[in-house]
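> Just passing along the structure, written as structure tokens.
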Amino acid sequence: MNTVNSTAAVGHASAPSALGTVANWITTTDHKKIGRLFVSASALWMLNIVGVGIALGIERIAPDTAIFNSNSVTQLFAMLRTGATFGVLLPLALGFGIAVVPTQVGSKSLSFARLAMFGFYAWLIASGLVIGSIVANGGPGGGNPQMVDLYLMGVGIGLVGVIAASVSLVTTVLTSRRTGLSLLEIPMFSWSVFVSAVSVVLTLPVLLGSLIYVAVDHHYGRLVFGGNEGIDMWLGWGFSQPQTFLYVIPAIGLLAELAPVTARIRQPLRGAMLVGVGLVSTAMFGTVTQTSHVFVWGGTLSDKIKSAIPYAWFNLLPVLGVVIVTLLALLAIQKGTTRLIAPLVPTFLGVGMIVVGMAGNAVQMIESAKLTGSVFEEAAVTYIAYGAMLCAWGAISYFGPALWGRKISDTSVIGIGALGMFATVLAAAPYYFAKDQVAGVVSDFDYSGPQTAFNTVVSAGHVLMALCLLSAIAVSAKSLSSGQTVSAEVWSDQ
Amino acid sequence: MSTTTSHALPSGAQPAPRSSILVATSAVAAAGTMLMFGMLAMWLKFRDASSLRESARGKMIHDWLPADIKIPEVATNTMAITMVIACVMAQWAVYSTRRNDSSHATLALAITSVIGIAAINAQVAVYLQMNMGLIDGPYQTMFYAITGTMLALLVTGVAFSIVTMFRAVAGRLGDSSVMSAHALYWYFLTAVFVALWFVVYVQK
């Protein structure tokens, strides 16, 4: 028998001062802290885009509602789209990945933790620059050239930061797994983060390259890329579908992780589940074309096939991946001895919202549907962004006990999750039916139909989501300070 | 107090070595390749979209490179050749490190650094010889953007070489993966530069 007395001599350790605590956090190389910094900072972006959603919704209720001038409206739409992807989806995926993946793969630390911390600071500084520049009439279509330059610089710095943090994650999964743990055996959440991080490493540099061209051109001559009006044309693909699908892969991986835990069995057809998550990453090929692939039902059979293949590749394959994961998750729940765990509820609902958003995108890309240029796309982005936020709430409640040792009450998790889904449907669903309402404007459309009612419901949805978000922040803060403590064996279910 | 009996199980097998620095450098190289190839793709797109004009030899060509601008081919060709030599030097550093030969590893890295600096110098010389303004036209704007990005990547390569050289000078040769990562980075730089050289300087 091997007996090791590991009792350490206990010194007179005193609690760190407030300044010491702050210094510890801002210089940390602890992956759990870096991940939490990413997630916490993204909560500010969430509040920001929800607030913008409310403002734009109110602005569109009636033709005589004029809260902002027309220039500001362009900036607000830019804020909404940039914020939903760059401010919410990306940092959420990275934050949870950085906090959880090293633990799941049996590593003591994150590979190149300082690189990940650099990534966080670069993204944080970039966030400030992007928000500041848009507020000061910069951003796509902005009227102040210097602020447009600042916006482009901010996005560029942020992209470098996000790529740096992704490199750190990819390296951790590839090199720091515990002995004997093969890549295909890692937990599903880690697998999804890995797939997402690889996709980011391969696609965002292309966006960065385009941004360098646009920034140089805008700063000096505005000869080639259309100045401030051309920003969306050349860089917009990085903030819309199918690129956004890459940022929500960890949300889908979370569902794949939670289903067998709920069912208390090993995941049936685990290999197919891995493939399902991987299929979503086919969206990364959108980087090559940087354009929408519309399905046109016209011409000869050959024309139809030529149109159908890229359409299916970029719009349907990612949806197929999510459908496979969802069906396999349901199979596990049906086969096992199910004991519902609270985090599954917001995660399942969130993935459901993401599927609706992805399916909406696929419908929008059918030419005969005549949805291009309407608010339909805005609804798809809202479904995806808010769906990812619901999954993030599931992730906080599931991984939180392992990160800070305290539990979040099941009632709060389920309640906020259900309310969040309701808010998402209110904020997005009406625009799936408002095909006559033009995108990107607040008044130049026909009010004779149900537009006023649609816009009122959408505003109410955003308000409800704001309440959910504030509630989630308050409940998380309460859990951090006075939540029920959990046992040391917090990963026992997993 | 710690007591250990002799019945303890033997240690498990050592895990297979996994080189974090090599994998991270591979990821960075992949990202850098996507960056430069993405920029080259846009370059080709714009060149292809330009109108046609008759060249001095009477052939119809794309009106992309302005007729009054001459590309200094000696400097650009020399750059391409020296970049390949930099790869040989970087690989020599790996070879020397595996033989625990600190002096040759240091020499190889020093030469790599000098070649990198020479390439940067050559790029500046190309700018001076072409003598064109950044806002003179679309070609000029895109030329400075893409070659400037390449220049920035070259600077990071030189910095990598210098840091690795100081490690070699200090005798830190135990882990050859840093040298391998350095060599990989120079292979990446050379590959993307050769692609840029062919598209921008040869095909024009």
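For the record, the sequence lines run as chains C and S. The first sequence begins at 1 in the numbering used here and counts up by one. The second sequence begins at 1 in the numbering used here and counts up by one. Glycine residues also receive a C-beta, built at the ideal position from the N, C-alpha and C atoms. Please read these numbers as outputs of a predicted model, since none were measured by experiment.
Mind pulling the alpha helix (DSSP H) runs of 4 or more residues that sit fully within the segment 297-351 of chain C?
Counting only runs of 4 or more, we get 301-311 and 317-335.
> Could you please tell me which residues of the segment 110-143 of chain S, in chain order, have their CB closer than 7 Å to any CB of chain C?
Leu-134, Ile-135, Gly-137, Pro-138, Thr-141 and Met-142
> Can you find the residues in the same chain that come closer than 7 Å, C-beta to C-beta, to C:Thr-347, ignoring five residues on each side of it along the sequence?
Mapped onto the first sequence, residue 347 of chain C falls at position 347. So the list reads Leu-254, Leu-255, Leu-258, Cys-391 and Gly-394, once near-sequence residues are dropped.
> Going along the chain, which unbroken runs of the beta strand (DSSP E) with 3 or more residues stay wholly within the segment 202-267 of chain C?
DSSP runs (the beta strand (DSSP E)) wholly in the segment 202-267 of chain C: none.
> My output table needs one value for S:His-62: the three-state DSSP class, helix, strand or coil.
Position 62 of the second sequence holds residue 62 of chain S. Strand at S:His-62.
> Taking the alpha helix (DSSP H) that C:Glu-367 belongs to, which residues open and close that run?
In the first sequence, the residue the question calls residue 367 of chain C occupies position 367. Looking at the DSSP string, C:Glu-367 is not in any alpha helix (DSSP H), and its letter there is neither H nor E.
> DSSP state of C:Leu-90, grouped into three classes?
Against the first sequence, residue 90 of chain C aligns to sequence position 90. In this structure, C:Leu-90 counts as helix in the three-state DSSP scheme.
> Taking buried to mean at least 16 other C-beta atoms within 10 Å of its own C-beta, is C:Gly-360 buried or exposed?
Mapped onto the first sequence, residue 360 of chain C falls at position 360. C:Gly-360 comes out buried.
> Below 8 Å between beta carbons: does that hold for C:Tyr-220 and S:Leu-134?
Residue 220 of chain C sits at position 220 when you count from the first residue of the first sequence. Residue 134 of chain S sits at position 134 when you count from the first residue of the second sequence. Taking 8 Å as the Cβ cut-off, C:Tyr-220 and S:Leu-134 qualify as a contacting pair.
> With a CB to CB cut of under 7 Å and the five nearest residues on each side skipped, what residues in its chain are close to C:Gly-11?
Your numbering for residue 11 of chain C matches position 11 in the first sequence. Residue placement at C:Gly-11 cannot be trusted, given a pLDDT of 46 that sits under 50; what the coordinates show is reported in the next sentence. Same-chain partners within the cutoff: there are none.
> Where does C:Phe-68 sit, in a helix, a strand or coil, going by DSSP?
Here residue 68 of chain C refers to the residue found at position 68 of the first sequence. Looking at C:Phe-68 - three-state DSSP - the assignment turns out to be coil, as it is neither helix nor strand.
> In the DSSP assignment, find the beta strand (DSSP E) that holds S:Leu-52 and state where it starts and stops.
Translated into positions along the second sequence, residue 52 of chain S becomes position 52. Note, S:Leu-52: beta strand (DSSP E), 52-54.
> Tell me which same chain residues have a C-beta within less than 6 Å of the C-beta of C:Ala-215, skipping the five on either side of it?
Position 215 of the first sequence, counted from the first residue, corresponds to residue 215 of chain C. Around C:Ala-215: Leu-152.
> C:Val-375 by DSSP, collapsed to three states: which one?
Working through the first sequence from its first residue, we reach residue 375 of chain C at position 375. The answer is coil: DSSP assigns C:Val-375 none of H, G, I, E or B.
> So that I know if they touch, is there some Cβ in chain S lying closer than 8 Å to that of C:Ile-231?
Here residue 231 of chain C is taken as the residue at index 231 of the first sequence, counted from 1. Cβ-Cβ to chain S under 8 Å: no for C:Ile-231.
> Looking at C-beta atoms only, is the number of pairs between the segment 117-128 of chain C and the segment 413-424 of chain C that lie closer than 8 Å three or more?
The answer is no - the segment 413-424 of chain C does not touch the segment 117-128 of chain C, with fewer than three Cβ pairs under 8 Å.
> So, for C:Ile-324: in the same chain, excluding its five sequence neighbours on each side, which residues have a beta-carbon less than 6 Å away from its beta-carbon?
The sequence position of residue 324 of chain C within the first sequence is 324, counting from 1. Once the five neighbours on either side are set aside, the close Cβ partners of C:Ile-324 are Gly-276.
> On a CA-only basis, which of S:Phe-37, S:Ala-183 and S:Thr-106 is nearest S:Val-194? Give me that one, please.
As a position in the second sequence, residue 194 of chain S is number 194, starting the count at 1. The shortest C-alpha separation from S:Val-194 is found at S:Phe-37.
> Using a 10 Å radius around the Cβ and a threshold of 16 neighbouring Cβ atoms, would you call C:Gly-180 buried or exposed?
Position 180 of the first sequence, counting from 1, holds the residue named residue 180 of chain C. C:Gly-180 should be labelled exposed.
> Return no unless some Cβ of chain S is closer than 8 Å to the Cβ of C:Pro-250.
Within the first sequence, residue 250 of chain C is the residue found at index 250, counting from 1. With 8 Å as the cut-off, C:Pro-250 does not count as an interface residue toward chain S.
> For C:Asp-217, go through chain S and note every residue whose CB falls closer than 7 Å to its CB, in chain order.
To locate residue 217 of chain C, count along the first sequence from 1; it is residue 217. The answer, in chain order, is Thr-141.
> Which residues of chain C have a Cβ atom closer than 7 Å to the Cβ of S:Ser-96, listed in chain order?
Indexing the second sequence from 1 puts residue 96 of chain S at position 96. Result: empty, since nearest Cβ-Cβ is about 25 Å, beyond 7 Å.
> Using only the alpha-carbon positions, how far apart do C:Gln-494 and C:Ser-412 sit?
Within the first sequence, the letter at position 494 stands for residue 494 of chain C. Within the first sequence, the letter at position 412 stands for residue 412 of chain C. Low confidence applies here, because C:Gln-494 scores a pLDDT of 45, under 50, leaving its location unreliable and the question unanswered by this model.
> Assuming C:Met-353 and C:Tyr-398 form a contact by the criterion Cβ under 8 Å, report the distance between their Cβ atoms to the nearest whole angstrom.
One-based indexing of the first sequence puts residue 353 of chain C at position 353. One-based indexing of the first sequence puts residue 398 of chain C at position 398. So it is not a contact: roughly 18 Å between Cβ atoms.
> Can you tell me whether DSSP reads S:Phe-290 as helix, strand or coil?
Absent from the structure is residue 290 of chain S, since the part of chain S shown begins at 1 and ends at 204.
> Give me the Cα-Cα distance between C:Trp-234 and C:Pro-145, rounded to the nearest whole angstrom.
Position 234 of the first sequence, counted from the first residue, corresponds to residue 234 of chain C. Position 145 of the first sequence, counted from the first residue, corresponds to residue 145 of chain C. Approximately 17 Å between the Cα atoms of the pair.
> On a CA-only basis, which of C:Gly-298, C:Ser-409 and C:Tyr-431 is nearest C:Gly-373? Give me that one, please.
The residue you call residue 373 of chain C lines up with position 373 of the first sequence. Among C:Gly-298, C:Ser-409 and C:Tyr-431, the Cα nearest to that of C:Gly-373 is on C:Tyr-431.
> Going along the segment 146-177 of chain S in order, which residues come within less than 7 Å of chain C, judged by CB to CB distance?
Against chain C - using a Cβ distance shorter than 7 Å - the residues of the segment 146-177 of chain S are Thr-149.
> Starting from C:Gly-142 and walking both ways along the alpha helix (DSSP H), at which residues does that stretch end?
Here residue 142 of chain C corresponds to residue number 142 of the first sequence, with the count starting at 1. Unbroken run through C:Gly-142: none, as it is neither H nor E.
> Tell me, which residues are paired with C:Val-438 by DSSP?
Translated into positions along the first sequence, residue 438 of chain C becomes position 438. In the DSSP output, where bridge partners are listed per residue, C:Val-438 has C:Ser-374.
> For C:Arg-406, which beta-bridge partners are listed by DSSP?
To locate residue 406 of chain C, count along the first sequence from 1; it is residue 406. Per DSSP, C:Thr-485.
> May I have the straight-line CA-CA distance separating S:Ala-49 from C:Ile-252, to the nearest angstrom?
Working through the second sequence from its first residue, we reach residue 49 of chain S at position 49. Working through the first sequence from its first residue, we reach residue 252 of chain C at position 252. Cα to Cα, S:Ala-49 sits roughly 41 Å from C:Ile-252.
> How long is the line joining the alpha carbons of S:Ala-67 and S:Ser-51, rounded to whole angstroms?
Counting from one through the second sequence, the residue named residue 67 of chain S turns up at place 67. Counting from one through the second sequence, the residue named residue 51 of chain S turns up at place 51. Approximately 13 Å, taken between the alpha carbons.
> So, using beta-carbon positions, are C:Ala-78 and C:Gly-139 closer together than 8 Å?
One-based indexing of the first sequence puts residue 78 of chain C at position 78. One-based indexing of the first sequence puts residue 139 of chain C at position 139. Yes.
> In chain order, what are the residue ranges of uninterrupted alpha helix (DSSP H) at least 4 long that sit wholly in the segment 95-157 of chain C?
113-135
> Using the Cα positions of C:Phe-526 and C:Met-117, report the straight-line distance between them to the nearest angstrom.
The structure shown does not extend to residue 526 of chain C, since chain C spans only 1 to 494, so no value can be given for it.
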